[in-house]
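K.L.:
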Amino acid sequence: MKIGFIGLGNMGAPMAINLAKSGHELVGYDSSINVPKEIFQGGSAQFCAKDSDVVVLMLPNGVISKSVAFDILPIMQTGSILVDCSTIDVASAKEINQIASDNSINFLDAPVSGGVIGASSGSLTFMVGGEKNIYNKLIPLFEVMGQKSVFCGSAGSGQSAKICNNMILGVTMIATCEAFALADNLGLDRQAMYDVVSTSSGSSWSMNTYCPAKGIGPISPSDNEYAPGFASDLMLKDLRLAQQAANEVQAYTPMGKVAVDIYETFVEKNNGSGLDFSAILPWIKKING
Numbered sequence: 024m025k026i027g028f029i030g031l032g033n034m035g036a037p038m039a040i041n042l043a044k045s046g047h048e049l050v051g052y053d054s055s056i057n058v059p060k061e062i063f064q065g066g067s068a069q070f071c072a073k074d075s076d077v078v079v080l081m082l083p084n085g086v087i088s089k090s091v092a093f094d095i096l097p098i099m100q101t102g103s104i105l106v107d108c109s110t111i112d113v114a115s116a117k118e119i120n121q122i123a124s125d126n127s128i129n130f131l132d133a134p135v136s137g138g139v140i141g142a143s144s145g146s147l148t149f150m151v152g153g154e155k156n157i158y159n160k161l162i163p164l165f166e167v168m169g170q171k172s173v174f175c176g177s178a179g180s181g182q183s184a185k186i187c188n189n190m191i192l193g194v195t196m197i198a199t200c201e202a203f204a205l206a207d208n209l210g211l212d213r214q215a216m217y218d219v220v221s222t223s224s225g226s227s228w229s230m231n232t233y234c235p236a237k238g239i240g241p242i243s244p245s246d247n248e249y250a251p252g253f254a255s256d257l258m259l260k261d262l263r264l265a266q267q268a269a270n271e272v273q274a275y276t277p278m279g280k281v282a283v284d285i286y287e288t289f290v291e292k293n294n295g296s297g298l299d300f301s302a303i304l305p306w307i308k309k310i311n312g
């Protein structure tokens, strides 16, 4: 299978490398980053797309995804497949799907969970929206790049699943950080707190796998000065996407809204930009004194 891969940043590059290593003919392009040596470099997005059976996008936001998609769809082969692994708003995913259909191109929105570590190790989870038969054709590609793919429904459903998941993640991380800060003020040992909560009804991925307290639980960004595994800026972006979608369908999501407010304050007013999203903990500790 011939694959074009557009967007070779922290996530896209290792995903593309895994596809190339699996034996697929792959050509990659990024407008601002040097293409890794493992990937044949195309001179433009159009070059990557023109003769490819599948084109994968991994781009920063919906504006860029739409711009690139609208640029390449008219020149893609009839019946080929465009897969957008970027995390974008649901409306943009549906708009790209419509333009793809108008050009006789198949489209899947397939955002991922797992971060840079998952992209490098090939252990991502893909949340996929589009036509089921097209998804079935690409399961072998998802299996190369990830450990799991879930078909979520029609176009836009992958993005819907991603923002719902990350709204839960943002809210539970805030709650986990607040609980550790409270435990500190109460004089409760952090390890004791972890041992109780991680095996009780308060357990969560944020506590058990990605603990925000340094030296507690499995190794996480808290053990590396909160160098980002998943940056606070990206969490803020995803929480905003969730609230945008909630507003569009008039869904009541008060905790999601509060999470946006907290991450906005942390990222934009308290030097949280560039830190992992679990760095909320030392910030709350500082507020508590």
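According to the working numbering, the sequence shown is numbered sequentially starting from 24. Even glycine gets a Cβ: it sits at the ideal position worked out from N, Cα and C. Since the model is a prediction, treat every value here as computed from it, not as a measurement.
(1) Do you know how far the Cα of L205 is from the Cα of L147?
(2) Which first and last residues belong to the alpha helix (DSSP H) in which K171 is found?
(3) Relative to the C-alpha of M168, which residue among A43, L131, D246 is closest?
(4) Measure the alpha-carbon distance for I95 versus M34 and round it to whole angstroms.
(5) Specify whether the segment 154-172 and the segment 121-137 touch according to this definition: at least 3 beta carbon pairs, one from each stretch, less than 8 Å apart.
(6) Go ahead and pull the three-state DSSP assignment for N208.
(7) Ordered along the chain, which non-local residues of its own chain (more than five positions away) have a Cβ less than 7 Å from that of A72?
(8) Between the segment 291-308 and the segment 246-256, can you find at least three pairs of beta-carbon atoms closer than 8 Å?
(9) Which residue's Cα is closest to the Cα of L31: K185, K60, S221, E287?
(10) In the DSSP assignment, find the alpha helix (DSSP H) that holds Y217 and state where it starts and stops.
(11) According to DSSP, is F154 helix, strand or coil?
(12) Can you tell me the Cβ-Cβ gap for F203 and A236, rounded? I've got them flagged as a contact below 8 Å.
(13) I want to see whether chain B comes within less than 8 Å of G66, judged by CB atoms only; does it?
(14) Could you name the residues of the same chain whose beta carbon sits closer than 7 Å to that of T101, not counting the 5 residues immediately before and after it, in chain order?
(15) Would you please state the rounded distance, in angstroms, between the beta carbons of A178 and A116? I believe it to be under 8 Å.
(16) So is L192 buried or exposed if we call it buried at 16+ other beta carbons inside 10 Å?
(17) Which complete beta strand (DSSP E) runs does the segment 94-147 hold, if anything under 3 residues is left out?
(18) Using a 10 Å radius around the Cβ and a threshold of 16 neighbouring Cβ atoms, would you call E271 buried or exposed?
(19) Tell me whether G137 is buried or exposed, calling it buried when 16 or more other Cβ atoms sit within 10 Å of its Cβ.
(20) CB-CB under 6 Å to R213, same chain, minus the five flanking residues each way: which ones, in chain order?
P.N.:
With the structure as the only source:
(1) If I take the Cα positions, the gap works out to 33 Å.
(2) In the DSSP assignment, K171 falls outside any alpha helix (DSSP H) and within the unbroken beta strand (DSSP E) covering 169-176.
(3) Checked all of A43, L131, D246; the closest Cα to M168 is A43.
(4) One C-alpha to the other measures close to 21 Å.
(5) With the cut-off at 8 Å, the segment 154-172 and the segment 121-137 touch.
(6) When DSSP states are grouped into helix, strand and coil, N208 belongs to the helix group.
(7) Apart from sequence neighbours up to five positions away, the residues of its chain that approach A72 with a beta-carbon distance below 7 Å are G27, V78, I95, I98, M99, ordered along the chain.
(8) Taking 8 Å as the limit for Cβ pairs, the verdict is that the segment 291-308 does touch the segment 246-256.
(9) Ranking K185, K60, S221, E287 by Cα distance to L31 puts K60 first.
(10) 213-220 is the span of the alpha helix (DSSP H), which, as asked, contains Y217.
(11) According to the sequence as given, residue 154 is Glu; it is not Phe. Looking at E154 - three-state DSSP - the assignment turns out to be coil, as it is neither helix nor strand.
(12) Confirmed, about 5 Å.
(13) Judged by its chain identifiers, the structure shown contains no chain B, having just a single protein chain.
(14) Here T101 has S127 as same chain residues with Cβ atoms under 7 Å from its own Cβ, once five neighbours each way along the sequence are excluded.
(15) Taking C-beta atoms under 8 Å as the contact rule, A178 and A116 qualify, at a distance of about 6 Å.
(16) L192 counts as buried, since at least 16 other C-beta atoms from the protein chains shown sit within 10 angstroms of its C-beta.
(17) The qualifying runs are 104-107, 129-132.
(18) It is exposed - the Cβ of E271 has fewer than 16 other Cβ atoms within 10 Å.
(19) When all chains shown are included, G137 counts as buried.
(20) Closer than 6 Å at the Cβ level, and outside the excluded window around R213, lie A236, I239.
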